[in-house]
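Residue numbers (my numbering): 305 to 628.
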């Protein structure tokens, strides 16, 4: 009887936990559930290594990270299988010859990432010279991780919970937050995530929010998601997502975030030269990241209501500000 009672209590706790996660609150229930299930299915890239972070984020990411010492803290919001974080604690974090070679080829299309070899050497030398004990502490957030925790000192993984549901008291203040197609790209609770990023960042700390590609030559041929390419040349659900402001105007999600108080914002990019290929013109791709630097202790971020979402990876979302 006692065992049955404990089972029923445990079962009730599980259902209560799921009901809390599934509560859409002010948001559109269907769209909220769609995004929740999208993350739960985990059908997206989760195995990026540190070299891929170096390739996708702008050079200032490496500069900022390589300057952090043992008292620093890097928070990665959306770590997948956390290979990039594990790689960071290797003795050789960046293999320059290998990285340069891989930057000029691809298994599915030719392209060339434009690198400054002197900067790459500077950052690589700084990172590779540090022992694991000299490196900053790292925290990764992964809703679903299929491999075992690598159990590396100074690496803590938060597994099995949405970032929005983890008490802030479980995190240390962060010098650096990265979000590579992570929390910010999939959350229905966007305003809450941004408030948390602001609270967690130290003074002058930076959040790197990966945006996507900007095409100098709109490459419509062969695209499977034509609606994701804006008239300006963006290929990014992040940018194509919109916010209806309290005054009735509509802005892109990118512009809405860029104008939030408490941050200094800047869009930085990695340049990629794309040679012509079947159905696609020669062009230049800017792989862009929104960098938010904390400038004030307090901020006022308007509440948002999720109105609509598709099930893309990442999804297109429509929000509107909640009028108080």
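Glycine included, each C-beta is placed from N, C-alpha and C at the ideal position.
Rounded separation between residue i and residue j - CA only
| i | j | result |
| --- | --- | --- |
| residue 383 | residue 626 | 31 Å |
| residue 352 | residue 506 | 26 Å |
| residue 390 | residue 397 | 10 Å |
| residue 576 | residue 359 | 10 Å |
| residue 624 | residue 612 | 10 Å |
| residue 571 | residue 518 | 11 Å |
| residue 395 | residue 428 | 11 Å |
| residue 628 | residue 552 | 14 Å |
| residue 470 | residue 497 | 11 Å |
| residue 437 | residue 510 | 23 Å |
| residue 388 | residue 540 | 23 Å |
| residue 405 | residue 416 | 10 Å |
| residue 629 | residue 475 | This structure cannot speak to residue 629, because the chain is shown only from 305 to 628. |
| residue 367 | residue 402 | 20 Å |
| residue 601 | residue 578 | 42 Å |
| residue 372 | residue 334 | 42 Å |
| residue 499 | residue 477 | 14 Å |
| residue 588 | residue 400 | 24 Å |
| residue 463 | residue 457 | 16 Å |
Residue environment, residue i, which counts as buried when at least 16 other CB atoms sit within 10 Å
| i | result |
| --- | --- |
| residue 448 | exposed |
| residue 590 | buried |
| residue 425 | exposed |
| residue 344 | exposed |
| residue 492 | buried |
| residue 256 | The question about residue 256 has no answer here: the residues shown for the chain are numbered 305 through 628. |
| residue 445 | buried |
| residue 418 | exposed |
| residue 329 | exposed |
| residue 433 | exposed |
Spatial neighbours of residue i in its chain, beta-carbon cut-off 6 Å, leaving aside the 5 residues before and after
| i | result |
| --- | --- |
| residue 443 | 379, 460 |
| residue 569 | 562, 596 |
| residue 545 | 557, 620, 621 |
| residue 513 | 483, 488, 594 |
| residue 365 | 512 |
| residue 615 | 338, 342 |
| residue 374 | 438 |
| residue 555 | 547 |
| residue 560 | 547 |
| residue 468 | 493, 496 |
Whether residue i touches residue j by CB criterion (8 Å)
| i | j | result |
| --- | --- | --- |
| residue 502 | residue 435 | no |
| residue 495 | residue 608 | yes |
| residue 332 | residue 610 | yes |
| residue 362 | residue 420 | no |
| residue 481 | residue 550 | no |
| residue 440 | residue 479 | yes |
| residue 370 | residue 431 | yes |
| residue 504 | residue 472 | yes |
| residue 336 | residue 392 | no |
| residue 567 | residue 592 | no |
Neighbourhood of residue i by C-beta, 8 Å cutoff - its chain only, sequence neighbours within 5 removed
| i | result |
| --- | --- |
| residue 349 | 384, 485 |
| residue 357 | 365, 388, 482, 484 |
| residue 599 | 508, 566, 567, 568 |
Collapsed DSSP secondary structure at residue i in the structure displayed
| i | result |
| --- | --- |
| residue 625 | strand |
| residue 357 | helix |
| residue 405 | helix |
| residue 385 | coil |
| residue 377 | strand |
| residue 365 | helix |
| residue 619 | coil |
| residue 494 | helix |
| residue 563 | coil |
| residue 485 | coil |
| residue 499 | helix |
| residue 578 | strand |
Cutoff 7 Å; reference residue i; Cβ partners in own chain excluding five residues on either side
| i | result |
| --- | --- |
| residue 542 | 489, 515, 516, 557, 558, 618 |
| residue 452 | none |
Any chain B beta carbon closer than 8 Å to residue i
| i | result |
| --- | --- |
| residue 432 | The chain inventory of the structure shown lacks chain B, comprising one protein chain alone. |
heavy atom of the ligand MG below 7 Å from residue i C-beta
| i | result |
| --- | --- |
| residue 386 | Within the structure as shown, the ligand MG is missing, as the structure has no ligands at all. |
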